[in-house]
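**Student:**
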Amino acid sequence: MNERKTSHLNYPDLWEKWKEHGDLEAKKKLIENYLYIVDYVSSRLAIGLPRNVSKDDLVSNGTMGLIDALHKFDYQRGLQFETYASWRVRGSILDGLRQGDWVPRSVREKAKKIEEAYQHLEQKYLRTVSDAEMCEYLGMTEKEFHHVLQEVAVMSLCSLEDPIREEESETRMSILVDEKARNPDYKVNESYLKESLIKGIEKLTEKERIVVSLLYYEDLSLSEIAEVMQLSPSRISQLHSKAILRLRGSLEKQRDLLLQND
1 MNERKTSHLN
11 YPDLWEKWKE
21 HGDLEAKKKL
31 IENYLYIVDY
41 VSSRLAIGLP
51 RNVSKDDLVS
61 NGTMGLIDAL
71 HKFDYQRGLQ
81 FETYASWRVR
91 GSILDGLRQG
101 DWVPRSVREK
111 AKKIEEAYQH
121 LEQKYLRTVS
131 DAEMCEYLGM
141 TEKEFHHVLQ
151 EVAVMSLCSL
161 EDPIREEESE
171 TRMSILVDEK
181 ARNPDYKVNE
191 SYLKESLIKG
201 IEKLTEKERI
211 VVSLLYYEDL
221 SLSEIAEVMQ
231 LSPSRISQLH
241 SKAILRLRGS
251 LEKQRDLLLQ
261 ND
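Take 1 as the starting number for the sequence shown in UniProt numbering and just add one per residue.
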């Protein structure tokens with residue numbers, strides 16, 4: 001039965017030696033064979049990050065995530081290790097970035113200000129608000145608004161990986177990935193959050209929805225999305241920032257409503 005489940009897995013002999021016999025040489029070879037995942041994920045995340053963020057640091061944190069994935073992966077379940085490892089590597093890199101406090105406080109404050117503005121205006125008008133309406137509310141010119149979006153773009157890479165609330169461990173991305181069965185209470189909350197996220201995505205502009213879809217579901221980089229949509233990378237970065245800030249505001253609003261009804 002195990003042979004049937006693992007027949008599609010790359011390097012089955014190495015996996016068996018490592019998992020069943022604790023063969024460290026097999027583990028080393030698996031790490032070497034899957035290092036390309038670290039390079040790919042770190043290269044994607046490096047796009048748009050400040051120059052002071054070292055690619056070597058991204059790779060180092062990503063490698064730790066890969067090693068963690070090798071320890072936790074159940075090779076007999078018939079799952080693709082590459083997919084599982086990509087999430088672990090990405091999460092490890094983002095954890096390292098957060099711990100390094102790489103986003104200046106001023107940028108976080110600007111992001112929060114825009115997020116709250118989206119939340120307030122879209123609740124007021126019950127529709128997607130335009131850049132012009134945002135500029136008027138924030139007291140900015142359109143050029144200044146786009147400049148701020150470019151600044152907070154480096155922060156939005158972590159947005160769906162951050163806790164929904166600072167005191168909680170549950171993340172926005174966790175509601176998109178069903179890794180294993182949860183208890184009934186969690187499933188109810190998960191279902192509610194998924195519904196909230198769907199509603200938030202529906203409020204995005206068409207271009208913002210395309211960017212979110214291509215980035216998070218088609219696994220394209222921002223530069224690749226720019227080519228597909230025939231827009232500049234900076235414009236794609238702005239669309240991504242707006243989409244994430246809208247979604248954050250939408251989820252916060254729905255979360256507050258849920259808490260009020262409890």
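We treat Cβ as the ideally placed atom computed from N, Cα and C, and that holds for glycine. A quick note: this is a predicted structure, and the numbers were derived from the prediction, not measured.
What is the rounded straight-line gap between the Cα of residue 37 and the Cα of residue 53?
**Tutor:** Numbered from its first residue, the sequence shown carries residue 37 at position 37. Numbered from its first residue, the sequence shown carries residue 53 at position 53. Approximately 19 Å between the Cα atoms of the pair.
**Student:** In whole angstroms, give me the CA-to-CA distance for residue 68 and residue 76.
**Tutor:** Numbered from 1 along the sequence shown, position 68 holds the residue referred to as residue 68. Numbered from 1 along the sequence shown, position 76 holds the residue referred to as residue 76. Cα-Cα distance, rounded: 17 Å.
**Student:** Residue 83 lies in the alpha helix (DSSP H); which residues open and close that run?
**Tutor:** For the purposes of this step, residue 83 is taken as residue 83 along the sequence shown, with counting starting at 1. Residue range 81 to 99 is occupied by the alpha helix (DSSP H) that includes residue 83.
**Student:** Is the beta carbon of residue 14 less than 8 Å from the beta carbon of residue 30?
**Tutor:** If you number the sequence shown from 1, residue 14 lands on position 14. If you number the sequence shown from 1, residue 30 lands on position 30. Contact: yes.
**Student:** Among the residues of its own chain, which have a CB less than 7 Å from the CB of residue 17, if the five just before and after it don't count?
**Tutor:** As a first step, residue 17 must be located in the sequence shown, where it is residue number 17. Excluding sequence neighbours, residue 17 sits near 23, 26.
**Student:** Starting from the Cα of residue 202, find the closest Cα among 97, 122, 148, 9 and give me that residue.
**Tutor:** Locating residue 202 in the sequence shown gives position 202, where the first residue counts as 1. For residue 202, the nearest C-alpha among the options comes from 122.
**Student:** Keeping to the same chain, check which residues put their C-beta closer than 7 Å to that of residue 85; ignore five residues upstream and five downstream.
**Tutor:** Looking up residue 85 in the sequence shown gives position 85. Once the five neighbours on either side are set aside, the close Cβ partners of residue 85 are 34, 37, 66, 69.
**Student:** So does the segment 215 to 224 actually touch the segment 114 to 132, counting three or more Cβ pairs closer than 8 Å?
**Tutor:** no
**Student:** What three-state label does DSSP hand residue 205 in the structure shown?
**Tutor:** Numbered from 1 along the sequence shown, position 205 holds the residue referred to as residue 205. The answer is coil: DSSP assigns residue 205 none of H, G, I, E or B.
**Student:** Assuming residue 197 and residue 243 form a contact by the criterion Cβ under 8 Å, report the distance between their Cβ atoms to the nearest whole angstrom.
**Tutor:** To locate residue 197, count along the sequence shown from 1; it is residue 197. To locate residue 243, count along the sequence shown from 1; it is residue 243. 12 Å between Cβ atoms; not a contact.
**Student:** Taking the C-alpha atoms as reference points, what is the distance between residue 92 and residue 98?
**Tutor:** Taking the sequence shown and counting its residues from 1, one reaches residue 92 at position 92. Taking the sequence shown and counting its residues from 1, one reaches residue 98 at position 98. If you take the alpha carbons of residue 92 and residue 98, they lie about 10 Å apart.
**Student:** Should residue 10 be labelled buried (16 or more other beta-carbon atoms within 10 Å of its own) or exposed?
**Tutor:** Working through the sequence shown from its first residue, we reach residue 10 at position 10. Of the other Cβ atoms in all chains shown, fewer than 16 fall within 10 Å of the Cβ of residue 10; this residue is therefore exposed.
**Student:** What does a CB cutoff of less than 6 Å around residue 115 pick up in its chain, not counting 5 residues either side in sequence?
**Tutor:** Residue numbering aside, residue 115 sits at position 115 when the sequence shown is read from its first letter. Around residue 115: 245, 248, 249.
**Student:** Buried or exposed: which applies to residue 80, given that a residue is buried once 16 or more other Cβ atoms fall within 10 Å of its Cβ?
**Tutor:** As a working note, residue 80 is residue 80 in the sequence shown. Flag for residue 80 reads exposed.
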